[in-house]
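Yeah, the sequence shown ends on 132 if you go by this note's numbering, and it's all consecutive.
Don't be surprised by glycine CBs; every beta carbon is placed ideally from N, CA and C.
Quick caveat, the model's predicted, so the values are computed rather than measured.
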Amino acid sequence: MSFRFPIRVYFEDTDFSGRVYHGAYVHFLERGRTEWLRAKGVDHVALAAADPPLFFALREMTLRFRGPAVIDDLLEVETRVAGQKRAVILLDQRVLKADTAIVEARVELCLIDAAGRPARPPQAVRQAVMDG
Numbered sequence: 001m002s003f004r005f006p007i008r009v010y011f012e013d014t015d016f017s018g019r020v021y022h023g024a025y026v027h028f029l030e031r032g033r034t035e036w037l038r039a040k041g042v043d044h045v046a047l048a049a050a051d052p053p054l055f056f057a058l059r060e061m062t063l064r065f066r067g068p069a070v071i072d073d074l075l076e077v078e079t080r081v082a083g084q085k086r087a088v089i090l091l092d093q094r095v096l097k098a099d100t101a102i103v104e105a106r107v108e109l110c111l112i113d114a115a116g117r118p119a120r121p122p123q124a125v126r127q128a129v130m131d132g
């Protein structure tokens, strides 16, 4: 099952050509992942305050650009779980314009501890992420 989060394109998201700057899509995807986690009940602040503190980080991201977006377009960021490997959560994300994928991303998301070392997600996080 996928989660969708709306994003409106603003002037600040565009480059000289009037199209969305490629780096802005990384921000859009981050917002989509954050809201997906929030909808799943995963609390970033609580994880950071836990003992030991844990933080989400990207291990890898691959992007494929399929089409442009321009100012005032209403986009949706779609996030869905593609799998899980020990400490890594695999996600497929897409930026959609009128239900057509204009950006596709494969994301490897992990948790790290305060020293920056990989950490296995707590059971509650694994269960929340993998459910649905």
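Length of the line joining the Cα atoms of ASP13 and LEU29: Reading the sequence shown from its first residue, position 13 is the one you call residue 13. Reading the sequence shown from its first residue, position 29 is the one you call residue 29. If I take the Cα positions, the gap works out to 13 Å.
Opposing strand residues paired with GLU60 [DSSP bridges]: The residue labelled residue 60 in the question sits at position 60 within the sequence shown. Per DSSP, GLU108.
Beta-carbon proximity list for LEU74, same chain, < 7 Å, skipping 5 on both sides: Start at 1 with the first residue of the sequence shown, and residue 74 comes out as number 74. Correct list, in chain order: PRO6 and ARG8.
Member of LEU111, VAL95, GLN127 and LEU54 whose CA lies at the smallest distance from the CA of HIS144: Not covered by the structure: residue 144. The range shown for the chain is 1 to 132.
Three-state secondary structure assigned by DSSP to GLY67: Position 67 of the sequence shown, counting from 1, holds the residue named residue 67. Here GLY67 sits in coil by DSSP.
GLY32 (DSSP reduced to helix, strand or coil): In the sequence shown, residue 32 corresponds to position 32, counting from 1. Residue state, collapsed to three classes: helix.
Beta-carbon proximity list for GLN84, same chain, < 8 Å, skipping 5 on both sides: The sequence position of residue 84 within the sequence shown is 84, counting from 1. Around GLN84: LEU90, ARG126, VAL129 and MET130.
For ALA119 and GLY67, the rounded distance between their alpha carbons: Position 67 of the sequence shown, counted from the first residue, corresponds to residue 67. Position 119 of the sequence shown, counted from the first residue, corresponds to residue 119. Their Cα atoms are separated by approximately 36 Å.
Same chain, Cβ closer than 6 Å to GLU104, five either side skipped, listed in chain order: Position 104 of the sequence shown, counted from the first residue, corresponds to residue 104. For GLU104, same chain residues with a beta-carbon under 6 Å away, outside a window of 5 residues either side, are ARG64 and ARG94 in chain order.
Contact under 9 Å by Cβ, ARG135 with THR79: Nothing can be reported for residue 135: it is not among the residues displayed for the chain, which extend from 1 to 132.
Proximity below 9 Å, CB of ASP92 to CB of ALA82: In the sequence shown, residue 92 corresponds to position 92, counting from 1. In the sequence shown, residue 82 corresponds to position 82, counting from 1. Their beta carbons are under 9 Å apart, which means ASP92 touches ALA82 by this criterion.
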